[in-house]
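First comes the structure, then the notes that go with it.
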């Protein structure tokens, strides 16, 4: 990978980012980390998209990168404070950043990384259709040999970022659907909705629970539990 991308050194720490949403709703981003070719799940991070309304994957990717590299500066400050606890995954600087996508995603990512003062970090995008590697400042995509271990590595990383993003997206979407379903139940306000979300996790799990189990949730009575089941 160092040779194919003309990197200054072997990319020991590789971070990959992906975005998952449905027409802009329940939008999330993922960050996965591989060190020396191996996944480091303890260093994975996920992001709820906060600043982008509507289906704009480029802007969502920029938000995720902005928040990630802003945290790098914050972690450096935290390290300087005696006794402060720092998130070392954000404190580490990657040797290579990969984004899921092609020229457009690489261009958007590079603009944001340059704005954050980390435009020097090598950056590439892996496009799904032909599995080509788009590198910033290189006009033509790099086509890695199909039997290349470098291609296998970047595919693994990209697929892991996609898996992590879509898993979180489904969880967020399920919670949003649960809140929506509970909105119609009289007497179930935000606090009680949160209690149900924490305990059951999904509308399906609530439907399958008995009245007694729902009534045992903090803030609920048997009468209210019966209303919840009737409303769902």
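Residue numbers (my numbering): 13 to 244. By construction, the Cβ of each residue, glycine as well, lies at the ideal position given by its N, Cα and C atoms.
CA-to-CA distance, residue j to residue i, given in whole angstroms
{"i": "residue 187", "j": "residue 151", "result": "43 Å"}
{"i": "residue 210", "j": "residue 235", "result": "20 Å"}
{"i": "residue 14", "j": "residue 168", "result": "17 Å"}
{"i": "residue 39", "j": "residue 231", "result": "30 Å"}
{"i": "residue 147", "j": "residue 200", "result": "51 Å"}
{"i": "residue 137", "j": "residue 225", "result": "48 Å"}
{"i": "residue 57", "j": "residue 203", "result": "27 Å"}
{"i": "residue 196", "j": "residue 116", "result": "42 Å"}
{"i": "residue 63", "j": "residue 122", "result": "19 Å"}
{"i": "residue 68", "j": "residue 223", "result": "43 Å"}
{"i": "residue 159", "j": "residue 145", "result": "15 Å"}
{"i": "residue 237", "j": "residue 177", "result": "34 Å"}
{"i": "residue 193", "j": "residue 244", "result": "7 Å"}
{"i": "residue 88", "j": "residue 198", "result": "49 Å"}
{"i": "residue 21", "j": "residue 47", "result": "14 Å"}
{"i": "residue 74", "j": "residue 83", "result": "14 Å"}
{"i": "residue 141", "j": "residue 207", "result": "43 Å"}
{"i": "residue 134", "j": "residue 78", "result": "16 Å"}
{"i": "residue 242", "j": "residue 72", "result": "39 Å"}
{"i": "residue 37", "j": "residue 18", "result": "38 Å"}
{"i": "residue 86", "j": "residue 221", "result": "44 Å"}
{"i": "residue 45", "j": "residue 233", "result": "46 Å"}
{"i": "residue 101", "j": "residue 126", "result": "20 Å"}
{"i": "residue 213", "j": "residue 51", "result": "28 Å"}
Beta-bridge pairing of residue i - partner residues as DSSP gives them
{"i": "residue 136", "result": "110 and 147"}
{"i": "residue 59", "result": "41"}
{"i": "residue 154", "result": "145"}
Residue burial classification, residue i (beta-carbon count within 10 angstroms, cutoff 16)
{"i": "residue 228", "result": "exposed"}
{"i": "residue 132", "result": "exposed"}
{"i": "residue 76", "result": "buried"}
{"i": "residue 113", "result": "buried"}
{"i": "residue 240", "result": "buried"}
{"i": "residue 61", "result": "buried"}
{"i": "residue 34", "result": "exposed"}
{"i": "residue 149", "result": "exposed"}
{"i": "residue 42", "result": "buried"}
{"i": "residue 23", "result": "buried"}
{"i": "residue 161", "result": "exposed"}
{"i": "residue 164", "result": "exposed"}
{"i": "residue 124", "result": "buried"}
{"i": "residue 155", "result": "exposed"}
{"i": "residue 219", "result": "exposed"}
{"i": "residue 53", "result": "exposed"}
{"i": "residue 153", "result": "buried"}
{"i": "residue 65", "result": "exposed"}
{"i": "residue 182", "result": "exposed"}
{"i": "residue 80", "result": "buried"}
Min CB distance residue i to chain B below 8 Å
{"i": "residue 41", "result": "Reference to chain B is not applicable here, since this structure consists of a single protein chain."}
Contact between the segment 81-92 and the segment 108-120: three or more CB pairs below 8 Å? Not touching, per the Cβ criterion.
Which ranges would you report for the alpha helix (DSSP H) in the segment 13-57 if only whole runs of at least 4 residues count? Qualifying alpha helix (DSSP H) stretches, in chain order: 14-17.
Below 8 Å, can you find three or more Cβ-Cβ pairs linking the segment 19-33 to the segment 170-180? Contact holds: three or more Cβ-Cβ distances are below 8 Å.
Restricting to runs no shorter than 4 residues, where is the alpha helix (DSSP H) found entirely within the segment 160-218? 161-194 and 202-212
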